[in-house]
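First comes the structure, then the notes that go with it.
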Amino acid sequence: QQQVRQSPQSLTVWEGETAILNCSYENSAFDYFPWYQQFPGEGPALLIAIRSVSDKKEDGRFTIFFNKREKKLSLHITDSQPGDSATYFCAASGIASSSFSKLVFGQGTSLSVVP
Amino acid sequence: GPKVLQIPSHQIIDMGQMVTLNCDPVSNHLYFYWYKQILGQQMEFLVNFYNGKVMEKSKLFKDQFSVERPDGSYFTLKIQPTALEDSAVYFCASRSGTNTGQLYFGEGSKLTVL
Chain A
3 QQQVRQSPQS
13 LTVWEGETAI
23 LNCSYENSAF
33 DYFPWYQQFP
43 GEGPALLIAI
53 RSVSDKKEDG
63 RFTIFFNKRE
73 KKLSLHITDS
83 QPGDSATYFC
93 AASGIASSSF
103 SKLVFGQGTS
113 LSVVP
Chain B
46 GPKVLQIPSH
56 QIIDMGQMVT
66 LNCDPVSNHL
76 YFYWYKQILG
86 QQMEFLVNFY
96 NGKVMEKSKL
106 FKDQFSVERP
116 DGSYFTLKIQ
126 PTALEDSAVY
136 FCASRSGTNT
146 GQLYFGEGSK
156 LTVL
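Protein sequence lines correspond, in order, to chains A and B. Its first residue numbered 3, the first sequence is counted upward by one per residue in the working numbering. Its first residue numbered 46, the second sequence is counted upward by one per residue in the working numbering.
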């Protein structure tokens, strides 16, 4: 059972464009949604995160839009740069429900930014 | 930022042998995790560990798997015996005692079982 789903699987944008990465989830108990960025050969690193009490979180060129009713969220990367080329994982946890909450990851979106 | 160190970065072993993957979590972190990733795909939760005990494990955490952190040293994942399907990159992660949910990941230990 895939609790967190991401689309598209891969995405190519031109430098300067906005990349939109989508994520949906099934478990209503999830209330914390981080996005991780992973470069080849490295571990995932936290990029930006949102809690379910908010519908938008912005950090520089990265913005999360969150729709609790539809159980969907998206990561927008504006003015995409070649250095943004990486795999992006949407994750979820029920942070409020347990101190031992684990993160459930989506399958990832591989982003390529073409100069 | 905070660093999680993993040793070894890559290990090749024969099927049936034992392997121990070591993790040095962020100092003062209290919660520790192992994740498995195959071919750069989805990160799959294996186990989390707190106060010397396994708190939760997934179905991927087979009987051949074990974790421990003796006397605050390395947090280890041991597989004995290994199987071909254990080939993957294993990521260790840790987080503090505050309920923020932010996991810090190591760079992974790539395990190849022949």
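Yeah, the Cβ is synthetic: ideal placement off N, Cα and C, and Gly gets one too. Here the structure is a predicted model, which is why all the values come from computation and not from measurement.
Run down chain B in chain order and give the residues with a C-beta less than 8 Å from the C-beta of residue i.
i	result
GLU17 of chain A	Per Cβ cutoff of 8 Å: no residues; GLU17 of chain A is ~23 Å from chain B at best.
GLY108 of chain A	GLN87
THR89 of chain A	GLY85
Could you name the residues of chain A that residue i contacts, counting a contact when the two beta carbons are closer than 9 Å?
i	result
GLY153 of chain B	GLY43, GLU44 and GLY45
TYR78 of chain B	LYS104 and LEU105
PHE136 of chain B	GLY45 and PRO46
PHE90 of chain B	LYS104, LEU105, VAL106 and PHE107
Relative to the alpha-carbon of residue i, which residue among the options has its alpha-carbon at the smallest distance?
i	options	result
GLN147 of chain B	A:ARG7, A:TYR90, A:PRO10 and A:ALA51	A:ALA51
LYS48 of chain B	B:MET60, B:ASN73 and B:ILE57	B:ASN73
CYS25 of chain A	A:ASP61, A:ALA31 and A:PHE67	A:PHE67
LYS59 of chain A	A:TYR34, A:LEU13 and A:ARG71	A:TYR34
ASN93 of chain B	A:SER114, A:ARG7 and A:VAL106	A:VAL106
VAL158 of chain B	B:GLU152, B:CYS68 and B:GLN125	B:GLN125
LEU75 of chain A	A:SER87, A:ARG63, A:PRO117 and A:ARG53	A:ARG53
SER103 of chain A	B:GLY85, B:LEU156, B:ASN67 and B:LEU75	B:LEU75
SER7 of chain A	A:SER114, A:GLN40, A:THR14 and A:PHE91	Note that residue 7 of chain A corresponds to Arg in the displayed sequence, not to Ser. It is A:PHE91.
ASP57 of chain A	A:ALA88, A:LYS70, A:VAL116 and A:LEU49	A:LYS70
ALA31 of chain A	A:GLY110, A:LYS73 and A:SER9	A:LYS73
SER9 of chain A	A:GLY62, A:ARG63, A:PRO36 and A:GLN109	A:GLN109
MET88 of chain B	B:ASP69, B:SER103 and B:LEU50	B:SER103
SER87 of chain A	A:GLY96, A:TYR27 and A:GLN40	A:GLN40
GLY46 of chain B	B:ILE58, B:SER54 and B:PRO70	B:PRO70
ASP108 of chain B	B:TYR95, B:ASP131, B:LEU156 and B:ASN96	B:ASP131
PHE64 of chain A	A:TYR27, A:PRO36 and A:GLU44	A:PRO36
THR127 of chain B	B:LEU156, B:LEU50 and B:TYR95	B:LEU156
Since residue i meets chain A, which of its residues come closer than 7 Å, beta carbon to beta carbon?
i	result
LEU148 of chain B	LEU105
Between residue i and residue j, how many whole angstroms is the CB-CB distance? I'm expecting something under 8 Å.
i	j	result
ALA93 of chain A	TYR38 of chain A	6 Å
ALA133 of chain B	ILE83 of chain B	5 Å
PRO46 of chain A	PHE150 of chain B	5 Å
ASN29 of chain A	GLN11 of chain A	The pair is not a contact, with the Cβ atoms about 22 Å apart (cut-off 8 Å).
SER154 of chain B	GLN56 of chain B	7 Å
LEU66 of chain B	LEU129 of chain B	Not confirmed; about 17 Å, so no contact.
LEU113 of chain A	LEU13 of chain A	5 Å
PRO84 of chain A	PRO117 of chain A	5 Å
LEU23 of chain A	THR111 of chain A	5 Å
GLU152 of chain B	GLU44 of chain A	5 Å
Sufficient close CB pairs (3 or more, under 8 Å) joining the stretch 4 to 21 of chain A to the stretch 71 to 82 of chain A:
Between the stretch 4 to 21 of chain A and the stretch 71 to 82 of chain A, the count of Cβ pairs shorter than 8 Å is three or higher; the stretches touch.
Mind pulling the beta strand (DSSP E) runs of 3 or more residues that sit fully within the stretch 23 to 89 of chain A?
Here the runs fully enclosed are 34 to 40, 47 to 53, 58 to 61, 64 to 69 and 74 to 79.
Are the stretch 129 to 144 of chain B and the stretch 75 to 89 of chain B touching, with three or more C-beta to C-beta distances below 8 Å?
Touching, yes, given that three or more Cβ pairs across the two stretches are closer than 8 Å.
Does the stretch 49 to 62 of chain B come close enough to the stretch 102 to 115 of chain B that 3 or more CB-CB pairs lie under 8 Å?
no
Identify every run of the beta strand (DSSP E) within the stretch 84 to 150 of chain B, keeping only runs that are complete inside it and at least 3 residues long; order them along the chain.
88 to 95, 98 to 102, 110 to 113, 120 to 124 and 133 to 140
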